[in-house]
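This is how it looks when you write it as structure tokens:
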């Protein structure tokens with residue numbers, strides 16, 4: 001698969017990442033087949049979190065991969081920490097414990113990337129800095145990033161954190177593209193003009209932070225898939241039309257739409273369906289035109305003032 | 001007319017600019033009379049865009065001005081590019097083509113100012129930088145700016161663009177002043193507190209970017225003129241009262257309200273009516289008091305917490 | 001009482017400040033008792049504004065304190081200026097006049113801290129800078145800050161103002177915590193995601209500006225007290241539960257919730273009730289756990305995505 005460098009690092013990653021949030025729903029045999037298919041497609045970047053499946057996803061993944069040192073070198077593993085029952089927690093103590101838990105479940109001694117999962121209102125950036133420093137020195141984490149963070153939160157972290165923030169995982173899909181729409185409607189009276197992210201997209205471009213869109217096929221907050229959904233007739237007509245033009249599925253076009261954006265995003269695809277996985281990876285071979293990108297945008301119901 | 005320097009440049013411009021968006025609605029004779037009146041008033045800064053009247057506005061303007069080298073030196077011409085049918089386009093190729101089109105229609109070999117018309121979601125600032133560099137080197141454009149842009153978008157451009165951003169054309173009038181109201185209602189539960197522009201007004205002041213208010217007499221998004229409009233009884237009462245005090249028309253006061261703001265704005269007046277044009281330029285001679293500015297603001301329905 | 005340094009200064013201030021906005025409602029004897037109680041509790045930081053009670057609060061305070069040079073050295077006095085009838089005014093002339101008025105009413109020759117009360121749309125930061133410079137040189141004001149300001153407004157001031165901005169007084173309570181909630185809901189479709197303050201909380205942390213929460217017991221914009229209010233059953237149940245655990249009143253917990261935040265805030269308590277004053281100061285001795293802080297947050301109706 002086509003690769004890119006992650007954020008400001010030299011780490012080569014496939015442009016489509018594999019989200020393992022639901023891998024515990026697969027049987028061991030299914031999980032093994034799923035991961036092998038991904039690897040055959042060149043999709044060797046796997047996204048985890050300590051809380052996915054209560055930790056079960058990381059374990060299931062390691063088992064399905066028959067993790068050992070040789071295998072470990074062939075994959076890139078990202079995990080997240082900071083969400084606990086009833087609260088978020090970016091304390092040094094919790095970050096260190098969470099990573100140790102992930103490493104144990106993943107049967108590895110290092111993560112390629114660690115993300116802070118959701119902004120903790122009580123974050124003390126000095127503690128995050130100490131935790132990151134320790135994890136890097138110990139060789140437990142190679143690169144650090146965030147998830148669902150806005151610019152000033154990242155600035156606050158950077159006041160103390162020495163390591164570059166390499167990624168920011170954000171909810172973004174054709175139908176959940178307010179972070180794109182706001183930029184084209186600013187200062188308008190309409191709903192799209194309402195600021196909800198403080199220009200996180202442009203901020204990430206400015207600072208060479210890779211945006212990892214999560215839920216690239218969903219609308220709302222986990223409400224459902226927009227593909228082939230009768231709630232989005234115009235969008236699906238347009239996606240099907242363009243998919244036919246390229247001889248690919250609408251899944252491919254949905255991912256290609258994200259990849260077409262010049263921010264050089266790395267969508268995280270969490271489907272557990274082999275065909276969708278293949279179709280998603282196929283997007284790396286498609287380069288939508290500017291016209292097609294805007295046609296899809298408009299078909300999703302956004303407008304150009 | 002009173003002049004000001006545009007952004008951080010040494011370019012002297014009249015404090016009221018003339019918007020030519022509707023000049024193709026005038027007959028050649030009317031257009032000639034309109035432009036001559038503007039010039040007699042010292043209003044020699046003309047705002048265009050490649051898309052106004054499908055290009056016809058630029059042509060009509062050049063004809064009405066009987067453009068030649070001598071005439072060219074007496075006027076300042078600003079145009080815009082980047083809006084295409086069904087999409088925005090800040091690609092290098094399109095910017096260069098668009099400027100060539102404008103120059104041809106305007107019968108000139110340079111623009112004083114070129115603005116990027118509306119933020120292109122697919123902007124690649126490296127391409128914009130190359131286009132600007134080329135246009136400046138070729139002598140086709142003297143100064144560069146933007147329109148309807150927010151701070152982070154400008155920051156992203158500035159990451160690559162070497163030339164200063166001298167202007168940002170923004171919709172702003174007494175009744176469309178959310179960018180002012182937000183600053184006085186932040187952190188409130190009311191509608192004005194909702195952020196729609198990420199402090200673009202203060203950002204422009206901070207970075208010496210001239211704000212050019214567009215549609216200074218309109219409410220809503222091209223919904224209508226608020227002056228003498230029964231929908232705004234209190235505002236019109238106040239404007240008439242202050243207009244009477246200064247012995248001018250309410251048009252003059254509407255522009256004087258923008259000029260009173262310390263951001264040193266350059267309103268772009270797009271009226272094609274000679275009397276309104278004269279009344280608009282008259283605003284350069286009026287300095288509203290702080291009390292009057294706030295009285296008008298409050299009469300428009302805003303409040304002070 | 002536990003103390004902290006104010007902003008980036010070396011000034012030691014108690015972590016709970018006393019708001020004197022309603023002190024003119026007390027009789028001279030009550031006011032004297034109120035202030036003496038505060039001083040006995042170590043709460044020697046008093047927050048004023050030139051407009052509180054039309055100036056009467058500052059006078060009443062000075063009388064109740066029997067102000068003289070010895071007394072003056074035992075207290076820290078903060079006042080504000082910039083709000084006038086029907087407008088805000090940060091002109092040099094007005095700032096200087098306002099401070100002179102406050103000093104006269106307070107029977108002192110200096111303020112420890114001067115805040116600009118509410119952002120003036122017509123602010124000219126050069127004038128603010130001149131006023132601050134003059135006030136500092138004359139020894140009339142030791143430190144300068146703002147109130148109800150957002151990041152870009154502070155940046156604009158800092159373009160010219162040489163003195164550090166040491167404090168930003170902002171409306172913040174458990175039930176008015178949108179500036180906290182926005183940071184945990186960004187990029188969501190819900191109401192909390194709507195940006196109303198441009199990350200002022202994180203900005204203040206980033207720049208070592210002390211946030212002084214005002215109205216720490218109120219919901220809405222002066223709508224009422226949330227403590228013991230049947231409109232907030234779940235919140236009050238939680239506050240009572242935690243208060244019982246620590247053997248303190250719910251007032252104490254409401255303030256302790258603000259003090260638990262790592263931004264190192266200095267709540268301004270404006271109650272004129274002696275028991276509430278004591279309970280508020282008691283909060284300096286309580287350190288809520290992370291769990292308790294989040295439990296209170298959730299009980300107030302916010303959610304964690």
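Protein chains in written order, with full-length UniProt numbering: chain V, 1 to 305; chain C, 1 to 305; chain U, 1 to 305. Backbone N, C-alpha and C fix where the C-beta goes; we use that ideal spot for every residue, glycine too.
Membership of residue 147 of chain V in the beta strand (DSSP E) is indicated by the continuous run 141-147. Residue nearest to residue 103 of chain U within the set U/50, U/117, U/54 is U/50 (criterion: CA-CA distance).
Look at residue 167 of chain C here: in three-state DSSP terms it is strand.
For chain U, the residues of the stretch 213-232 of chain V that bring a beta carbon within less than 9 Å of one of its beta carbons are 220, 221, in chain order.
When DSSP states are grouped into helix, strand and coil, residue 280 of chain U belongs to the helix group. Three or more pairs of CB atoms, one per stretch, sit closer than 8 Å, so the stretch 243-255 of chain C contacts the stretch 276-290 of chain C. The stretch 109-127 of chain V makes no contact with the stretch 172-191 of chain V; the number of CB pairs closer than 8 Å stays below 3.
Using a Cβ-Cβ cut-off of 9 Å, residue 194 of chain U is close to 194, 195, 196 of chain V, given in chain order. The stretch 83-98 of chain V and the stretch 32-41 of chain V do not touch, with fewer than three beta-carbon pairs separated by less than 8 Å. Unbroken alpha helix (DSSP H) runs of no fewer than 4 residues, entirely contained in the stretch 98-141 of chain C, are found at 125-137, following chain order.
Between residue 152 of chain V and residue 206 of chain U, the C-beta gap is smaller than 8 Å, which places the two residues in contact. Those residues of the stretch 86-112 of chain C placed with their C-beta closer than 8 Å to a C-beta in chain V are 86, 87, 88, 89, 91, ordered along the chain. In the structure shown, the three-state DSSP call for residue 20 of chain C is coil. In this structure, the alpha-carbon of residue 192 of chain C lies about 30 Å from that of residue 147 of chain V.
Residues of the same chain with a CB within less than 7 Å of the CB of residue 8 of chain C, apart from the 5 flanking positions on each side, are 164, 166, 208 in chain order.
Contact note: residue 150 of chain U reaches chain C through 182, 183, 186, 187, 195, 199, 202, using a C-beta cutoff of 9 Å and chain order. Counting C-beta pairs closer than 8 Å gives three or more between the stretch 59-79 of chain C and the stretch 92-109 of chain C, which meets the contact rule. In the structure shown, residue 174 of chain U adopts coil according to DSSP, grouped into three states.
Going by C-alpha positions, residue 54 of chain C is about 38 Å away from residue 229 of chain V. One alpha carbon belongs to residue 56 of chain C, the other to residue 297 of chain V, and they sit about 29 Å apart.
An exposed status is given to residue 233 of chain V, since fewer than 16 other beta-carbon atoms sit within 10 Å of its beta-carbon.
Contact between residue 82 of chain C and residue 116 of chain C holds: their C-beta atoms lie close to 5 Å from each other, under 8 Å.
Rounded to the nearest angstrom, the gap between the Cα atoms of residue 244 of chain C and residue 16 of chain C is 22 Å. The beta carbon of residue 149 of chain V sits closer than 6 Å to those of 119, 168, all from its chain and outside the five residues before and after it, given in chain order. Against chain U, the CB of residue 8 of chain C has no partner CB under 8 Å away; the residue lies outside that interface. Within chain U, the residues whose beta carbon sits less than 8 Å from that of residue 305 of chain C are 118, 148, 221, listed in sequence order.
Residue-level contact by beta carbon fails for residue 56 of chain U and chain V, as no gap is shorter than 8 Å. Nearest C-alpha to residue 44 of chain C among C/18, C/22, C/29, C/26: C/18. Put simply, the backbone Cα of residue 47 of chain U is about 14 Å away from that of residue 6 of chain U.
Burial state of residue 77 of chain V is buried, judged by a 10 Å Cβ sphere holding 16 or more other Cβ atoms.
Under the three-state reduction of DSSP output, residue 79 of chain V falls in the strand class.
Proximity to residue 31 of chain U across U/274, U/299, U/133, U/156 peaks at U/274, based on C-alpha coordinates. Judged by DSSP in its simplified three-state form, residue 84 of chain U adopts strand. Shown here, residue 9 of chain C sits in coil according to DSSP, grouped into three states, outside any helix or strand. When 7 Å is used as the limit between beta carbons, residue 294 of chain C is near these residues of chain U: 86, 87, in chain order.
One thing to note: residue 196 of chain V has its Cβ no nearer than 8 Å to the Cβ of residue 21 of chain U.
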